[in-house]
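Going from the sequence shown to the numbering used here is simple: count from 1 and add 583.
All remarks here apply to the structure that follows.
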Amino acid sequence: MSDIAKVLIVGAGIGGLSAAIALRNAGVEVDIVEISPQAKVYHVGIVVQANCIRAMAQLGIADAAVAAGFPYKGLRICNQQGQVKAELSGAQLAGKQYPANLGLTRPALHQVLLDAVAESGANLRLGLTFSDIEQSANKVAVRFTDGTSGEYDLLVGADGVYSKVRTTVFGEQYKPRFTGQGVWRYNLPRPKDLLWSHMFEGKPGGKAGYTPLTEDSLYVLSVFEEPGNPFFAPDTLAAEFRKRLEGYGGLVPELREQITDNSQVVYRPLEALLMPAPWYRGRVLLIGDAAHATTPHMGQGAAQAVEDAVVLGELCGTADLSLEQVLDSFMERRFERCKFINEGSVQIGEWEQRPSADADFTGLMAQMINVVAQPI
Ligand SMILES: Cc1cc2nc3c(=O)[nH]c(=O)nc-3n(C[C@H](O)[C@H](O)[C@H](O)COP(=O)(O)OP(=O)(O)OC[C@H]3O[C@@H](n4cnc5c(N)ncnc54)[C@H](O)[C@@H]3O)c2cc1C
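The following block contains the structure:
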């Protein structure tokens, strides 16, 4: 093992839970604190690609994730009317027994992660966060909001896009930026013959699409420009979403009709943040959205968080590495890849809002598939 024997993870989202599993697999003692009193996530879907499934296989959770989700064939990029322009499938990077693309509900993915964390022996405490972080040469001392305290070799900030670890340790100046668009989502029954994710481009301001999620469900989405980052009253959400889905072909018109329940519409303004390297100060490291929050245009946010976890676990488990060597190697293996995803995703959103002659969504997505296929 490296010099890192005991770690505190702040935040039990996709990145934090994955990091707990990876570190336990490496023999590291792990405490996790999660501010939310319940281990619950909102009901939308998530799509993960082959590099995420490969990373989950490295954590030992790919079988459970595949069993909890719905493998689909890949992404069909269509024009606004629904004519297919390109099909991107990706390779089965985790091996022939695993798919290249998987749809999951967020609660299903969360349960897979929570089960593995429980089995790993990591100590997860809910409804709790830190109140104070004090670093010395040999330890990071943490006081928690329930009055308890602990000492660790490393603190991992996995507390998402509004990370309090980031503002506490790195300063208030690093803030996510609204990128000009918002994403609208709604779950509906899946027609049995829908085996591809479909994305329709060409309508100025954004795009729309739908993706298989489970045996029985799909989600329909729109990513659309939302000038000024408006607030939408809860009782207007279904009508607002339907408006953004006007003018598309394929299954969109019939799915659009079924968007009627305001309480089932999930709307999120899109924000992005890329922390400059390095993502550590002393014994505090940021991972996942806390360090590199991206827009969903490449469907890579969760994958990059899980990859962060795998790399951290691997390095912490490597004999004789010092803290500095672990953190420097982590940055070397993670920064450029996350930067590519972050900047590429924002670029696609820019093209959607301000169409330009050199816009090439299909080309950039194909490049992304090649980049993430490289070993982490
Ligand atoms: C609308 C939308 C759609 C997306 N779709 C996809 C997709 O299809 N595929 C994909 O790969 N990615 C997608 N992403 C991105 C993906 O959700 C994120 O990249 C991923 O969840 C990042 O994981 P994380 O653990 O870093 O952060 P999070 O999942 O946000 O987890 C952070 C955790 O920290 C906790 N926390 C916060 N503050 C504190 C605190 N002070 N103390 C303790 N705990 C705290 C939170 O409660 C939470 O549990 C999407 C993102 C958005 C916004």
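A virtual CB, placed ideally from N, CA and C, is assigned to each residue, including glycine.
Asked                                                                                                                           : Found
Per-residue DSSP class, three states only, for K679                                                                             : coil
Simplified DSSP state of S780, which is helix, strand or coil                                                                   : strand
Proximity test, K747 beta-carbon vs ligand 1 heavy atom, cut-off 8 Å                                                            : yes
Range covered by the beta strand (DSSP E) that runs through P772                                                                : R760 to P772
Of the listed residues S805, K786 and N925, nearest to Y769 (C-alpha basis)                                                     : S805
Proximity of Y681 and A638 at Cβ, strictly below 9 Å                                                                            : no
Pair within 9 Å by beta-carbon distance, K747 and V593                                                                          : yes
Every unbroken alpha helix (DSSP H) within the stretch 652 to 718, with a cutoff of 4 residues, ordered by chain                : 689 to 703
Straight-line gap, A885 to T794 (C-alpha atoms, nearest Å)                                                                      : 16 Å
Nonlocal neighbours in the same chain, by C-beta distance under 6 Å from D968, ignoring five residues either side               : Outside the displayed span of the chain (584 to 959) sits residue 968, for which this structure offers no information.
Spatial distance of A888 from R851 (CA atoms)                                                                                   : 19 Å
Contacts around T712, its chain only, beta-carbon distance under 6 Å, and the 5 residues preceding and following it disregarded : V616, I618 and T728
Supposed contact pair L697 and G652 - C-beta distance, whole angstroms, cut 8 Å                                                 : G652 to L697, Cβ: 15 Å. No contact.
C921: CB within 8 Å of a non-hydrogen atom of ligand 1                                                                          : no
Contact check, V909 vs L738, beta carbons under 9 Å                                                                             : no
Close-in-space but distant-in-sequence residues of the same chain around E734 (CB under 8 Å, 5 per side omitted)                : K589, K722, V723, A724 and V725
Status (buried if at least 16 other CB within 10 Å, exposed otherwise) for G730                                                 : exposed
Proximity of A741 and A699 at Cβ, strictly below 9 Å                                                                            : no
Residues that S732 bridges to, as DSSP identifies them                                                                          : R726
P861 versus M914: straight-line alpha-carbon distance, rounded                                                                  : 6 Å
Residues sharing a beta bridge with Y850, DSSP                                                                                  : W767
CA-to-CA distance, Q664 to G643, given in whole angstroms                                                                       : 42 Å
Candidates I597, V867 and Q666, of which the one nearest E890 by Cα                                                             : I597
Three-way DSSP call (helix, strand, coil) for E808 in this model                                                                : strand
Where R864 falls: helix, strand or coil (DSSP)                                                                                  : strand
Proximity to S846 [Cα-Cα], best of V627, V835, A602 and S585                                                                    : V627
Local Cβ density within 10 Å of V667, reported as buried at 16 or more and exposed below that                                   : exposed
Alpha helix (DSSP H) segment containing S891, residue limits                                                                    : Looking at the sequence shown, residue 891 is not Ser but Asp. That run of the alpha helix (DSSP H) goes G884 to C899.
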